[in-house]
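The structure appears below as structure tokens.
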Amino acid sequence: MMDMPGLAIKIRRMELRDIERVMEIDRQSFSLTWPDRSYIFELTKNGNSRIWLAEIADPEPFLKVIGVLGVWVIVDEAHISTVAVDPAYRQLKVASQLLEYALKMAGEEGAAVARLEVRASNFPAIRMYENFGFKVVNRRPRYYSDNNEDALLMDLDMVAAGYTRLAENPS
Ligand SMILES: CC(C)(COP(=O)(O)OP(=O)(O)OC[C@H]1O[C@@H](n2cnc3c(N)ncnc32)[C@H](O)[C@@H]1OP(=O)(O)O)[C@@H](O)C(=O)NCCC(=O)NCCS
């Protein structure tokens, strides 16, 4: 995506030691949150799961996790499972940098389409996904159990968007 620079962050894979902090960001970000056992499963058992964290030095030299983005890479599909940024660090392109990085990495693994569900009322998130080229392809009525809100299904053609490294022609 163009115009990416924002807050200077470091991106790394989530580890078990990060669960407490990530759940704190989740609580500040979602009405429905994953329990710690879900993170333990994602980190230790789910070989398709990649969870990326954004970190900053705050206060120097201590590193602080301020954003999280999860993706399941299943054959040619990259399914975005979660995205959240600490409210104190929003609108600084933290989620955009995480998404850009996660899409590149999934593209290198062979993903050709990225897919996600988002609450129909979540305008900031929908706008961010549209900035990346995601398009609404379907609507799932009453998908979210806490308020019966609809989910929008959004897809991105990762090949057209340049994230997928096409296999070398062997000839
Ligand atoms: C959605 C969320 C992850 C965005 O994180 P972020 O780091 O603030 O996002 P970015 O700074 O990368 O914003 C990228 C784009 O998203 C859109 N956007 C983000 N926040 C917005 C807001 N409050 N209002 C309008 N548009 C917004 C803008 O188009 C923005 O691009 P711009 O800065 O060029 O205008 C964050 O708001 C969040 O954690 N929300 C709660 C959890 C959530 O809804 N997750 C998504 C579930 S599908």
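In this note's numbering, the protein residues as written are 30 to 200.
Glycine included, C-beta positions come from ideal geometry on N, C-alpha and C.
Bear in mind that the values here come from a model prediction, so they are computed numbers and not experimental data.
### Message
Taking 7 Å as the limit between beta carbons, can you name the residues of its chain near Ala-86, skipping five residues before and five after?
### Response
Leu-92
### Message
Which residue marks the beginning of the beta strand (DSSP E) containing Asn-160, and which one marks its end?
### Response
Taken as a continuous stretch (DSSP letters only), Asn-160 belongs to no beta strand (DSSP E), being part of the alpha helix (DSSP H) at 152-160.
### Query
Taking the DSSP output, what are the residues bridged to Ala-83?
Ile-40, Gly-96
### Query
How would you call Thr-193, buried or exposed, if buried means at least 16 neighbouring beta carbons within 10 angstroms?
buried
### Task
Please confirm whether any heavy atom of ligand 1 lies closer than 7 Å to the CB of Lys-122.
yes
### Message
ligand 1 and Met-157: does the residue's C-beta get closer than 7 Å to at least one heavy atom of that ligand?
### Response
yes
### Query
What residue range is occupied by the uninterrupted beta strand (DSSP E) comprising Asp-179?
178-186
### Cβ distance (whole Å) where Leu-145 is taken to contact Gly-35 below 8 Å
Not quite, the Cβ-Cβ distance comes to about 21 Å (not below 8 Å), so this is no contact.
### Task
Provide the residue(s) that pair with Trp-101 in DSSP beta bridges, ordered along the chain.
Ser-78, His-108
### Query
Going by alpha carbons, who is nearest to Asp-32 out of Asn-160, Val-166, Arg-169?
Asn-160
### Under the three-state DSSP convention, the category Glu-89 falls into
coil
### Contact set for Arg-169: own chain, Cβ-Cβ below 6 Å, skip 5 residues either direction
Ala-180
### Message
In the DSSP output, which residue or residues are listed as bridge partners for Glu-146?
### Response
Leu-182
### Message
If contact is defined by three or more beta carbon pairs under 8 Å, each pair taking one atom from either stretch, is the region 171-186 in contact with the region 140-156?
### Response
yes
### Task
Could you check if Leu-128 is buried or exposed, using at least 16 other CB atoms within 10 Å of its CB as the buried criterion?
buried
### Message
Using CA atoms only, rank isn't needed, just tell me which of Val-166, Asp-175, Ser-58, Arg-79 is closest to Pro-153.
### Response
Ser-58
### Query
If you measure from the CB of Asn-160, is any heavy atom of ligand 1 nearer than 7 Å?
yes
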